[in-house]
Amino acid sequence: MENEKDIENSNSMKSLYLGRTLLMLTHVLVIWGLYTTSFYENSQLSILYYLRAFTFCFWVLLSTCQIRTSFSDPGEVRQKSVPIKLQLVHEMYNRKCKKCNSWKPPRGHHCKRCNKCIFKMDHHCEWVNNCVGALNQKYFVLFLFYLLLYIFTLLSIHTIGICDYCMKSKRKILPMLMTITTTKCQIFSILLFSFFFIIFVSQMIWDQISAIIDNQTVIESRQGKFGRQQSFMNNFKQVFGDQDWYHWFLPTQPKLKLNYAELVYAEELINQGTQYLEDIIYDQTNPASIHFAEYMFDNYSKQK
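Residue numbers (my numbering): 3 to 306.
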């Protein structure tokens with residue numbers, strides 16, 4: 003047992019250092035990309051001025067979202083004991099985590115790196131050095147979204163700037179490329195990084211969109227399980243909050259109604275049109291029913 007704990011602690015420390023390194027590397031690359039846009043300050047094209055302004059705005063937004071994703075609570079389950087109201091309802095509620103000895107909701111998952119149970123844990127992301135769960139998934143999706151916009155504007159600036167330079171200099175492209183300078187090396191390097199991250203970030207955004215549409219996490223998708231199937235807007239509001247639409251595009255804290263009694267269903271049961279257990283045990287219009295959302299919120303900061 004001690005050896006297993008030592009191995010887990012060692013892996014946790016390695017993951018922590020790796021996460022911090024990747025977090026700093028992301029900030030360095032993004033700031034470096036922003037710096038390279040200054041190479042075209044002497045250009046007379048007004049479009050470059052506007053694109054640089056957009057790039058700066060996207061940088062502020064993506065950095066804020068990444069910081070909030072990294073340092074906010076992803077949805078740690080602080081309830082140690084199984085809620086009394088749910089103990090006799092279904093066997094899936096009467097579970098405790100063997101690792102952290104706390105109540106494990108049906109859609110909760112224990113993260114070995116963070117050593118805690120996270121509600122609706124999507125995955126542990128080394129690039130933000132934190133888990134992505136119910137409480138910080140909005141920040142993570144916005145971080146990916148603004149990072150992609152940032153890369154596109156960055157590529158647009160370099161493409162337009164290079165074309166403008168070639169047209170004004172009236173030099174042949176091949177001899178010009180043969181001349182190696184620090185500026186050209188930086189532009190070439192940032193273009194390579196940009197193309198790589200476009201593919202990487204686009205895939206991650208698509209994974210997140212698919213997860214929201216299907217009401218499942220990455221972990222649940224590997225298990226072939228889904229949450230309750232409902233409209234896209236209801237699923238969207240579970241991640242981005244039920245508030246004014248403009249908050250969805252800003253790294254503000256979402257107003258979430260977390261349902262800790264949500265169950266997961268196998269794909270074959272959903273295809274058969276089975277009745278959701280939530281419809282049986284929970285009636286939001288009936289005060290006498292199991293009002294798990296308010297129950298958990300009332301005890302979230304109290305139960306240790």
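Backbone N, C-alpha and C fix where the C-beta goes; we use that ideal spot for every residue, glycine too. Please read all numbers here as calculations on a predicted model, not as lab measurements.
- The segment 89-104 makes no contact with the segment 36-52, as fewer than three CB pairs between them are under 8 Å.
- Contact annotation: D75 and L137 have beta-carbon atoms nearer than 7 Å.
- Your pair T66 and R54 does not check out as a contact, with CB atoms roughly 19 Å apart and the cut at 8 Å.
- Secondary structure note for I120: it is in no alpha helix (DSSP H), and the uninterrupted beta strand (DSSP E) holding it is K118 to F121.
- DSSP places V62 within a helical segment (H, G or I) once states are collapsed to three.
- Looking at the backbone, the Cα of F195 and that of K239 are separated by about 33 Å.
- Between F228 and E264, the beta carbon gap of about 11 Å keeps them out of contact (Cβ cut-off 8 Å).
- About 5 Å separates the Cβ atoms of H125 and V220, confirming a contact at the 8 Å cut-off.
- By a beta-carbon distance limit of 8 Å, E128 contacts L24. Their separation comes to about 5 Å.
- The secondary-structure analysis by DSSP pairs K98 across a beta bridge with W105.
- Where V134 is concerned, there is no enclosing alpha helix (DSSP H), although the beta strand (DSSP E) around it starts and stops at N132 to V134.
- The segment 135-154 makes no contact with the segment 81-90: fewer than 3 CB pairs, one atom from each, lie closer than 8 Å.
- Counting C-beta pairs closer than 8 Å gives three or more between the segment 183-193 and the segment 152-163, which meets the contact rule.
- Residue nearest to F251 within the set S204, L258, Q89 and L63 is L63 (criterion: CA-CA distance).
- Every alpha helix (DSSP H) stretch that sits fully inside the segment 199-256 and reaches 4 residues is listed by chain position as 220-225 and 234-242.
- With 16 or more other CB atoms across the displayed protein chains lying within 10 angstroms of its CB, K122 is buried.
- Contact between the segment 209-218 and the segment 231-247 is established, with three or more Cβ pairs separated by less than 8 Å.
- Counted as a single uninterrupted DSSP element, the beta strand (DSSP E) harbouring H126 occupies residues H125 to C127.
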